[in-house]
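Numbered according to full-length UniProt numbering, the sequence shown spans residues 1 to 641.
No residue lacks a Cβ here, since even glycine has one placed at the ideal position from N, Cα and C.
None of the values given here were measured: they were computed from a predicted structure.
Heads up, the thing below is written out as structure tokens.
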Amino acid sequence: MTLQPTWTASGASSGSASDSASGPAMRRAIGTATRPVTGTAPHARRRAAQARFAEIETAFGDPWDPAAPLGFRALLAADSASTVPQAALALTRDLGLAAEFVPTALGGNLDGVDVLGLLLRPVFRRDVALAVRSTLSSFLAATHVWINGDEQQQRLTADTLRAGGTMAVAFQHFVHAADLAGDELTVARTADGGLLLGSGRQVVCNGADADLFVAFARVGVAPEGSSDAPEAPEASEGSDVGADACTAVLVPLRELHHGSARLLDRVPTEAVPGLELRGLAFDDCALPAAALLGTWGRGVEEGLRAYPVVHAAAPGMLIGVADTALRTAARFAVQVGVAGRPLARVRNARHALAATFVDLLVGDCVSLVAGRALHLLPGQCNALAAVATYLVPPMLEEALRHLAVVMGEALHGQDHGQDQGRDHGHDGEAYGIFAKHLRDMDAVSFCHVSRAVCQVAIAPCLPGIAADPARSGLAPEELFHRYGALPPLDPQRLSAGGGHDGLAAWFLALPDLFALPAEDAPLADLLSRQLTELRAEFDEIFAEAAALPGDDAHVLALPLVDRYALALAAVCCLGVHRQAGGDPFLSSLDWIVTALDRLLRRAGRSTPPVPREVTERLCAEVLRRDREARSLDLYDLELAG
């Protein structure tokens with residue numbers, strides 16, 4: 001099968017010719033690059049993704065090997081020193097990891113957002129600080145360029161990342177609840193058509209190392225008496241902006257004069273000590289007109305257009321963090337025991353391992369479907385993408401905290417965990433990684449967006465969806481395929497927003513989801529009752545949303561966001577189960593009935609208990625995958641250790 005390039009457009013049209021160095025005529029599709037790009041069939045895409053995953057895993061080596069230069073012992077030592085090993089940063093550059101989020105049409109590897117989280121999990125499973133500094137920070141910044149930048153800016157960004165460079169991004173207050181600095185950047189136009197950036201100090205990750213900097217700055221006015229003072233703006237689209245208007249700029253940090261752009265001291269953080277947070281100060285820093293990213297004064301709207309991509313991709317990366325934490329707890333339980341007893345004698349510990357494993361699978365299902373929806377349902381993907389970030393990170397964090405029943409005293413600090421391991425004749429130092437990953441999972445939300453932003457994206461959609469769920473049409477079955485080929489992603493359509501939900505419509509239209517053999521009758525009956533509860537949950541959510549008064553519906557719908565997110569997560573899991581193909585584990589009923597049980601109970605629904613033998617089989621699957629060094633996610637891939 002031959003497809004067009006995955007990324008086919010580069011943002012909203014410019015307000016006027018002066019709004020961009022190249023103007024609207026230059027805002028051509030990324031897919032028009034001279035290098036032809038060919039899509040791949042599912043089996044070829046599977047082989048390519050698995051080979052790349054294996055390459056990254058193998059390069060980092062066995063993290064449990066105490067002598068490994070990039071193993072958990074070395075990473076914990078670096079964390080204690082509030083840094084990450086320089087060898088690890090160098091390896092990410094040598095591996096060309098930044099190419100994973102550069103579109104294929106620009107010479108990178110990104111042919112679908114659905115596998116991006118999977119390919120970056122080897123880094124996240126080792127160290128969040130390393131992952132944020134080496135990949136996530138640049139990904140967040142680059143996404144805004146892919147969505148809103150012109151052809152020249154996209155080329156500059158792609159060439160920088162492919163050459164091993166890095167990027168930083170500074171969000172304005174409207175998109176970031178975790179404000180790390182009280183000041184805001186401002187940007188003003190000058191008489192000669194250039195820009196002045198200044199009047200603020202912004203704390204950013206990668207500030208010391210970044211080659212390119214994406215900043216969302218408040219629109220200001222050049223200082224009076226300055227030779228760069230702007231002329232009165234002409235009346236044109238984009239020139240009439242409010243006092244709180246925001247504009248995005250792409251700043252080539254390496255090319256700036258040090259007098260007007262200054263790198264400030266590092267800002268320490270206890271949340272993730274290894275992050276490199278630096279203040280950047282700009283004192284009337286002159287930038288060319290080509291630095292304008294998108295449309296003058298439209299930074300808010302255009303910034304939010306990039307958020308479905310960020311919302312969908314970032315949670316899938318965090319599965320790697322949870323994988324390591326769950327794997328550590330499983331090894332601790334097997335090698336050290338649970339409160340002095342063997343794991344086989346502690347039923348609630350086995351239940352905790354199984355339940356956490358299923359929560360990882362749920363998070364992976366949501367991330368997979370949200371990533372594929374960007375391509376398959378771009379006009380209605382905003383709510384689902386926001387659900388991924390709203391639901392998955394806190395659900396994973398909660399699941400890891402429930403592993404306290406397994407880790408016991410080791411949960412409260414890595415030193416104690418190390419002592420327990422040594423007392424029992426094992427290498428206990430690696431167990432300290434559990435405490436680190438739990439801490440990092442708790443703090444990592446400030447690396448992308450807050451849950452409040454996600455609520456605001458989801459709630460306004462609910463009344464429209466509730467009015468007629470079927471009007472969205474049915475989501476295609478391809479939405480649930482792992483590795484399936486994808487059509488091009490159209491950034492222009494990402495701004496269409498909510499009011500539609502083909503995913504819920506797909507579920508509500510299913511007459512008979514499963515035809516099961518007789519020996520699965522008990523679990524089939526349980527699944528049938530769960531599906532009845534899920535349908536009732538959708539009916540109640542839509543009835544309540546449809547009854548909201550029009551003027552205040554978007555605000556009054558906020559309490560429904562939790563239930564709606566959980567219901568969509570359940571549908572994502574059902575779809576992945578339905579399309580599991582020949583995968584024996586994903587085709588089984590054990591994980592899906594447990595996933596539905598956990599999601600429905602979180603939503604406040606009453607369902608029959610999952611049989612104990614199901615939990616035992618799921619715990620056994622966790623232990624098997626750990627023994628065989630296989631990933632604890634939808635893909636069951638071989639790990640380096």
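Rounded separation between residue i and residue j - CA only
i	j	result
A569	L374	16 angstroms
T166	L95	14 angstroms
D284	R278	19 angstroms
C454	W296	25 angstroms
residue 671	D111	Since the first residue shown for the chain is 1 and the last is 641, residue 671 is missing from the structure and cannot be characterised.
W591	R624	15 angstroms
G581	A41	16 angstroms
V132	P549	42 angstroms
P522	A595	16 angstroms
L637	A245	47 angstroms
A181	W146	In this prediction, A181 scores a pLDDT of 37, lower than 50, which makes its location untrustworthy; the coordinate-derived value is nonetheless stated afterwards. Near 27 angstroms, if we compare the C-alpha coordinates of W146 and A181.
P315	G363	8 angstroms
R630	R605	34 angstroms
L526	C381	31 angstroms
L438	R401	7 angstroms
G473	G164	43 angstroms
D192	R471	51 angstroms
G108	A158	8 angstroms
V334	D562	36 angstroms
Y635	F585	10 angstroms
R345	V338	9 angstroms
D626	H500	41 angstroms
R162	P252	16 angstroms
Given residue i as reference, the closest of the options once Cα atoms are compared
i	options	result
R155	L106, E478, F139, E477	L106
A443	C461, V321, E301, P549	V321
R602	A141, M395, T135, L548	M395
P63	R439, V346, S588, A325	A325
A565	L384, F72, R350, S82	L384
residue 656	A217, E628, T389, A404	Nothing in the structure corresponds to residue 656, since the chain is present only between 1 and 641.
G71	E184, V366, A188, G432	G432
A567	R535, P584, E100	R535
A399	V358, A191, F124, S367	V358
P609	L618, D597, A620	D597
K436	A485, E270, A51, Y483	E270
A44	E409, Y483, F542	Y483
L556	P460, T186, L586, L494	P460
A475	L494, Q492, V405, P378	P378
A504	P488, C573, R493	C573
N206	T190, V219, G149, L264	L264
D323	E301, L361, P288	L361
Buried versus exposed, by CB contacts within 10 Å (16 or more), residue i
i	result
A509	exposed
T247	buried
G340	exposed
N348	exposed
D633	buried
P393	buried
Q530	buried
V571	buried
T92	buried
S138	buried
H577	buried
P273	buried
R47	exposed
E184	buried
V622	buried
R125	buried
Proximity below 8 angstroms, CB of residue i to CB of residue j
i	j	result
L560	A545	yes
A77	V84	no
T58	A354	no
F216	A640	no
L589	D490	no
A290	S260	no
L119	I56	yes
S134	L89	yes
A553	P463	yes
F480	G371	no
Assumed close pair residue i, residue j - CB separation to whole angstroms, cut-off 8 angstroms
i	j	result
Q153	L293	6 angstroms
H144	V214	5 angstroms
V128	V309	Wrong, their Cβ atoms sit about 20 angstroms apart, outside the cutoff.
V197	V249	With the sequence shown as reference, residue 197 is identified as Leu, and Val is not the correct amino acid for it. About 6 angstroms separates the two Cβ atoms, so the contact holds.
A210	A168	4 angstroms
A467	L403	With a Cβ gap of about 42 angstroms, A467 and L403 do not count as contacting.
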